[in-house]
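S.K.: Sharing a structure with you now.
Numbering (this note's numbering), first residue to last: 40 to 268.
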């Protein structure tokens, strides 16, 4: 598997290169967004680890440009800023997952494995039946998501999370179960990733004032149901 690491900090690039190579990946490096786009065209990677704050062309613009052409390259965004609005900006731009700095290498590797696994699953596994709950619908074969007649655009990680909830309606799913099924690991995560993604799914599925379907079960996890637990 080939990973493109994009960061304007040479020390970060080299550290990630060594760590990823040690774990069996081929690694290409880029120091800014423009180099990243050129690298994707010249030798396409299987996934990209992309810093947000860079000169010439920042990571968010790299995401936007790739997604605007229909490119679904798995992208893990790194950001030194830990505000929810900054994470949301990355997801809005089309990143599949985000990881705030500083991060544990173990977590970056787990996030990367999860992205690569989902990308392979998208390409190889036969799609299942359409999943529906109330007026929310998800089609694994076309990757279309709708709330009533309104289409909803989701990143790869958001899609996997919503698919899990729709496959288990009215069942309380624990944090550990969700992390294991969607991200492939269960340990404390950087920056409350699960809460961010649940909040983002709520924002997208309730964008036109629709009633909430995804509810918090305090101290346990989340449940997809029409009324609060």
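Cβ coordinates follow ideal geometry from the N, Cα and C atoms, glycine included.
Using 8 Å as the threshold, is the stretch 193-202 in touch with the stretch 151-158, meaning 3 or more CB pairs across them?
M.R.: As far as the Cβ criterion goes, the stretch 193-202 touches the stretch 151-158, which means the pair count is three or higher.
S.K.: Tell me whether the beta-carbon of residue 140 lies closer than 8 Å to the beta-carbon of residue 117.
M.R.: Yes; because the gap between Cβ atoms is below 8 Å, this pair is in contact.
S.K.: Can the beta-carbon of residue 11 be found less than 8 Å from the beta-carbon of residue 66?
M.R.: Because the chain spans 40 through 268 in this model, residue 11 falls outside it and cannot be assessed.
S.K.: From the DSSP output, in three-state form, read off residue 237 for me.
M.R.: Correct three-state label for residue 237: helix.
S.K.: Which whole runs of the beta strand (DSSP E) in the stretch 153-222 are 3 residues long or more, in chain order?
M.R.: Qualifying beta strand (DSSP E) stretches, in chain order: 170-172, 175-178, 183-186 and 189-191.
S.K.: Assuming residue 130 and residue 204 are in contact, meaning their beta carbons sit under 8 Å apart, how far apart are those beta carbons, in whole angstroms?
M.R.: The pair is not a contact, with the Cβ atoms about 17 Å apart (cut-off 8 Å).
S.K.: Would you report the Cα separation of residue 202 and residue 215, rounded to the nearest angstrom?
M.R.: Distance between the alpha carbons of residue 202 and residue 215 is about 16 Å.
S.K.: Report the residue from 58, 43, 146 and 63 whose alpha carbon sits nearest the alpha carbon of residue 98.
M.R.: That would be 43, whose Cα lies nearest to the Cα of residue 98.
S.K.: Quick one: what does DSSP say residue 253 is sitting in, helix, strand or coil?
M.R.: Correct three-state label for residue 253: strand.
S.K.: Between 170, 147 and 46, which has its C-alpha nearest residue 90's C-alpha?
M.R.: Nearest C-alpha to residue 90: 46.
S.K.: Which residue or residues does DSSP assign as beta-bridge partners of residue 86?
M.R.: Answer by DSSP bridge pairing, in chain order: 42.
S.K.: Sort 159, 258, 267 and 247 by Cα distance to residue 185 and report the nearest one.
M.R.: The residue with the shortest Cα to Cα distance from residue 185 is 247.
S.K.: Return the residue from the list 175, 255 and 119 that minimises the CA-CA distance to residue 237.
M.R.: Minimum Cα distance to residue 237 is reached at 255.
S.K.: Mapping DSSP to helix, strand and coil, what is residue 118?
M.R.: Residue 118: strand per DSSP, three-state reduction.
S.K.: In the structure shown, what three-state DSSP assignment does residue 72 receive?
M.R.: Residue state, collapsed to three classes: helix.
S.K.: Are the CB atoms of residue 62 and residue 148 nearer to each other than 8 Å?
M.R.: A contact, by the Cβ cut-off of 8 Å.
S.K.: For residue 136, list the residues DSSP reports as bridge partners.
M.R.: Residue 136 is bridged to 115.
S.K.: Among 128, 68, 241 and 188, whose alpha-carbon lies nearest the alpha-carbon of residue 82?
M.R.: For residue 82, the nearest C-alpha among the options comes from 68.
S.K.: Who are residue 260's beta bridge partners in DSSP?
M.R.: DSSP lists 213 and 256 as partners of residue 260.
S.K.: So, under 8 Å CB-CB, residue 95 and residue 132 are touching, yes? Tell me the CB distance rounded to an integer number of Å.
M.R.: Incorrect: roughly 16 Å between the Cβ atoms, too far for contact.
S.K.: Using only the alpha-carbon positions, how far apart do residue 109 and residue 135 sit?
M.R.: Cα to Cα, residue 109 sits roughly 14 Å from residue 135.
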